[in-house]
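Undergrad: The structure under discussion is supplied below as C-alpha cells; questions concerning it will follow.
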Amino acid sequence: MPTHTRLDEILLPGQEVAILRTVLARLTNEHNLTASFDGGTKSDEAYFTIHVSNMKRHVYLLEVRYATDEAHTAEWIKGLVKAWIERIGPERFCATCSDSTGNTLLARQLLHQQYPHILSVADICHHLNNTNKDIVKLKYFEETIKIVRSTLKTFKRSHAAKSLLKAARRQLQSGAGLESIGKTQFVTIILSSLLVQRTLPALQKFFQTPQHFEFDYKDYFQPTSHRLKARKFEDDLEQLVSVGLPIAKSLTCLESNDANPADVFIFWHAACFEIERIVKDLDNSYPQEVQDDILDILNCCQGQLFGPGGRLYNGVYLVAAYLNAGYLSSDLFKDSDINPLEPTDPDTVSPRYGQRNEFTVWKGRAQDLLNALSTELKAYSRGRYPFNNPFPRDASTEEIIIWWRNCLTNDGTAVILPHVAIKLYAIRVNSMADERTGSTFTAFTPANCSSMSVETMGGKTMVYQFYRQEEKIARSKAAQGPIKLKKFHHLKHKLYSGKASEKRTGDIEKVDGSEEVPEAEDDSWLSDDESNVKKEPAVDLSLVVKDTGSLLSAAKFINHDSDILLAVFAEGEASAAPDPSPSVHFQSLDHVPVSGEDNDFSTARISSFLAAV
C-alpha cells in the first residue's frame, strides 16, 4: 500500500501527466472547441480552473492554477486561457465561456480581439441566476424570504425540532422534508421556498403542539389560531415560488453540457413569457407596481443578452435558433420590418475571421460569398436540397450537428451555411464544468483534509473526472447512437426532489455535495459574481409593440404564444421538419474565381444584402 506522500508526490503527478498527454492528443485533432474558465476559493486559497470541450460535449479539466498570490486582472486571466489556446491551436477553437464579472467578461473580450473567430459567450446559467436574484430582491418578497430562511435555519439547529417534524411528515405521509441548500447552487431562494412549501402541512401540524424553543415566525404556521397570517404566508409563498419556477426550470435544463445557443434562445424566452403570464394573471394578485418591476427587470436582462449593444450581446443565440430546422415551419418567429436601406449598425457585430479553409477560401470574393450564402439560406428556409434531409424530432445537439454535416456536399451546393451551423452548435453555453469542479473540490476536501494543497486537489479532481468521463464515453459508444435530447420532464426530479425525497430520511438533508451555508450568513446564500455589476437602463417600454399583448420587448420578434415556447416546460410535440422541395440551382465552388479584390465582409454590407433578399 503506497503512503500518502508517495501518492501525492509521485503517483498522482505521474497520472496527471499521462492524462494531459492523452487529452491534448485528442483535442489537437478536433475543431470547434470551447474553453471555459472560472475562479474560486478553498480554505482561503484562490484558484482558477480551465476546461475545454469538443463537439461531442466531452469536457476536460486542463488546469487548476493556484492564484492566491495573483491579481486576477483581465490580462492575467486572458494569459492563463491563451496559453492553452496556443498549445492546442487557435484555429481549433470556436468560443470561450465564463461568468460575466468585470474581469472575466473583459478577458473574454480581449481573447476575441486577438482571435476574432473565437466568440465571447456569456454563461447563461449565471445570467439566469442574476435575473432571478434581481426579482427576489424586490421589497415585496422580503418578508416571505425572511420566514423561509428562518425556518430552514431553525430546523437545522434543533435536533428535537427535526425529530418532531419527521414524525409529523410520517403521520401525514407528506414525503420529503426540509433540506439544506448548497451555497454553490443557483436560485437558492426559490429552491428553499419550494422546500418550505412542500413541507407546509407537516410544519403546520408541528406548530399545533406547544414548543420548547423560540421561533419568531411560528404564527405563520398556525392556521387555526392565526388564520390571517397563515393564509397570507401561504399566498405570498405561492407567489414567490411561481415567479421563480420558470427560471429554475430553465436552469435545470441549461446546466447540461449538451445545451446549445438555440436552447438558450428558447428557454430564456419561454421563461420570460411564462413569468409575464404569471404576474399579469389577475388570479395571482400581484400588485401593479410589482408587475411593472418584474417586467422591467426582464426587459433589462433581455437587452443585456439579446439586444444589440448589450454588454453580453452575441448574435449566436438567434442565428442558432433559426438554423434548427425543427423550428422552420413553427410559429416561433415573427416577420420583422427590417428596412434594407437602413442596415444593422456595423458595430453591432464585429467581423469574424478564422483560419479554417472553408471560410478563408472566400478571401477576396466577398460578393461571391454573399451570393452563395443567400442562395443557401433560401434553399434552407424552403427545405430544398441539400437541406431536405429528414430532421429528427426533438433533436439533441449531437443530432443537429450530424444533420448539418449530412448537408455538406461535394458539388458546391452547400459550402457555407453548414459550416456556420456546425460551429454555432458546437459552442458550450455554460461554465458549469468549472462549477462542478468546485463541488468536487469540496467532496475531496472535508474538514479533516482542509490542508490539502490546490495542486493536489486539482490533480485528484483531474484523475477522477477523466476516468469518470471515459466510462460515460464507453457507455455512449455501446449505445450505438447519438445522445438523445432530454426535456424538462426528463429532468424535473432534479428540481422538485432532493436527497431526502429519494432516501425518505430525516429533515435537513444535503441537496448535493456542495458546501452548506454557514448559519450566520443570512443575507447572501449564493456568492454571486455579478451582483456588483452595474445594470443597464431598462428597455424603454414605449418602443415595445403593443399589439402583441405582451409588455416584453422580445415580443416584437418572437411569438410569445408559440407552441415551441409553451411546450418547453411540459411534454410537447416538436415541429415537424419541412417537406422536401425541388432543389434550386447553386453555383459550384469550382466555378468561383480563385482570387479577387473584394474583401468587404462588413456586417453592414451583409445585413443590407440579406435584408434585401
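123 is the number that full-length UniProt numbering gives to position 123 of the sequence shown; each next residue is one higher, with no gaps.
Cβ atoms here follow ideal geometry from the backbone N, Cα and C, with glycine treated the same way.
Source: prediction; values computed, not measured.
Please report the distance separating the alpha-carbon of Leu-11 from that of Pro-90.
TA: 32 Å
Undergrad: Which of helix, strand or coil does DSSP assign to Lys-42?
TA: strand
Undergrad: Can you tell me whether Asp-69 is buried or exposed, with buried defined as 16 or more other CB within 10 angstroms of its CB?
TA: exposed
Undergrad: Could you give the first and the last residue of the continuous beta strand (DSSP E) run that contains Phe-206?
TA: Per DSSP, Phe-206 belongs to no beta strand (DSSP E); it is in the alpha helix (DSSP H), 200-206.
Undergrad: Compare the C-alpha of Cys-94 against each of Arg-87, His-117, Leu-80 and name the closest.
TA: His-117
Undergrad: For the structure I just gave you, are there three or more beta carbon pairs, one from the region 247-262 and one from the region 228-237, closer than 8 Å?
TA: no
Undergrad: Grouping DSSP H, G and I as helix and E and B as strand, with all else coil, what is Ser-98?
TA: strand
Undergrad: Determine the closest residue to Glu-30 out of Ser-53, Phe-48, Ser-43, with distance taken between C-alpha atoms.
TA: Ser-53
Undergrad: Tell me Thr-49's beta-bridge partners as DSSP assigns them.
TA: Bridge partners of Thr-49: Asp-38, Val-64.
Undergrad: Relative to the C-alpha of Asp-235, which residue among Leu-138, Leu-323, Ser-193 is closest?
TA: Ser-193
Undergrad: Is the distance from the Cβ of Thr-437 to the Cβ of Leu-61 below 9 Å?
TA: In this structure, Leu-61 lies closer than 9 Å to Thr-437 by Cβ.
Undergrad: So, helix, strand or coil for Ser-451, using DSSP?
TA: Reduced to three states, the DSSP call for Ser-451 is coil.
Undergrad: Under the rule that 16 or more other beta-carbon atoms within 10 Å means buried, what is Leu-282, buried or exposed?
TA: Per the 10 Å Cβ criterion, exposed.
Undergrad: What residue range is occupied by the uninterrupted beta strand (DSSP E) comprising Ala-122?
TA: 119-122
Undergrad: Is Ala-570 buried or exposed, if buried means 16 or more other CB atoms sit within 10 Å of its CB?
TA: The Cβ neighbour count for Ala-570, taken over all protein chains shown within 10 Å, is under 16; the residue is labelled exposed.
Undergrad: Going by C-alpha distance, which of Gly-458, Leu-551, Glu-471 is nearest Val-17?
TA: Gly-458
Undergrad: When DSSP labels each residue in this structure, what does Arg-384 get in the three-state scheme?
TA: strand
Undergrad: Below 9 Å between beta carbons: does that hold for Met-462 and Val-64?
TA: yes
Undergrad: If you measure between the beta carbons of Asn-103 and Phe-186, is that distance less than 9 Å?
TA: no
Undergrad: Can you give the beta carbon distance from Pro-158 to Ser-431, rounded, assuming they're within the 8 Å contact cut?
TA: The displayed chain sequence assigns Ser, not Pro, to residue 158. The Cβ separation is near 38 Å, so there is no contact.
Undergrad: Leaving out the 5 sequence neighbours to the left and right, which residues in its chain are closer than 6 Å to Leu-373 when beta-carbon positions are compared?
TA: Ile-416
Undergrad: Count the other C-beta atoms from every protein chain shown that fall within 10 angstroms of the C-beta of Thr-397, then say buried if there are 16 or more, exposed otherwise.
TA: Taking every protein chain shown into account, the CB of Thr-397 has 16 or more other CB atoms within 10 angstroms, so this residue is buried.
Undergrad: Is it true that the CB of Ala-122 sits closer than 9 Å to the CB of Leu-110?
TA: no
Undergrad: With three or more C-beta pairs closer than 8 Å as the rule, is the region 143-151 touching the region 291-298?
TA: no
Undergrad: Is the beta carbon of Leu-551 sitting closer than 9 Å to the one on Ala-270?
TA: no
Undergrad: Helix, strand or coil for Glu-255, going by three-state DSSP, please let me know.
TA: coil
Undergrad: Considering Lys-139, what are the terminal residues of the alpha helix (DSSP H) in which it resides?
TA: First-last for Lys-139: undefined, no H or E at that position.
Undergrad: So is Gly-14 buried or exposed if we call it buried at 16+ other beta carbons inside 10 Å?
TA: exposed
Undergrad: For the ligand GDP, I want to know if Glu-86 counts as a neighbour, meaning its beta carbon is within less than 8 Å of at least one of the ligand's heavy atoms.
TA: The ligand GDP is not among the ligands present in this structure, which contains no ligands whatsoever.
Undergrad: Name the residue from Val-243, Gln-367, Cys-253 whose alpha carbon lies nearest to the alpha carbon of Tyr-140.
TA: Val-243
Undergrad: In this structure, does DSSP put Ile-558 in helix, strand or coil?
TA: The three-state secondary structure of Ile-558, taken from DSSP, is strand.
Undergrad: Among Met-452, Thr-199, Leu-237, whose alpha-carbon lies nearest the alpha-carbon of Leu-164?
TA: Thr-199
Undergrad: Buried or exposed: Ile-19, going by 16 or more other Cβ atoms within 10 Å of its Cβ?
TA: buried
Undergrad: Thinking just about the alpha-carbon of each residue, which of Arg-428, Pro-386, Phe-391 is nearest to the one in Gly-412?
TA: Pro-386
Undergrad: What's the C-alpha gap between Tyr-47 and Ile-77?
TA: 11 Å
Undergrad: Specify the secondary structure class of Glu-376 as computed by DSSP and reduced to three states.
TA: In the three-state DSSP reduction, Glu-376 falls in the helix class (H, G or I).
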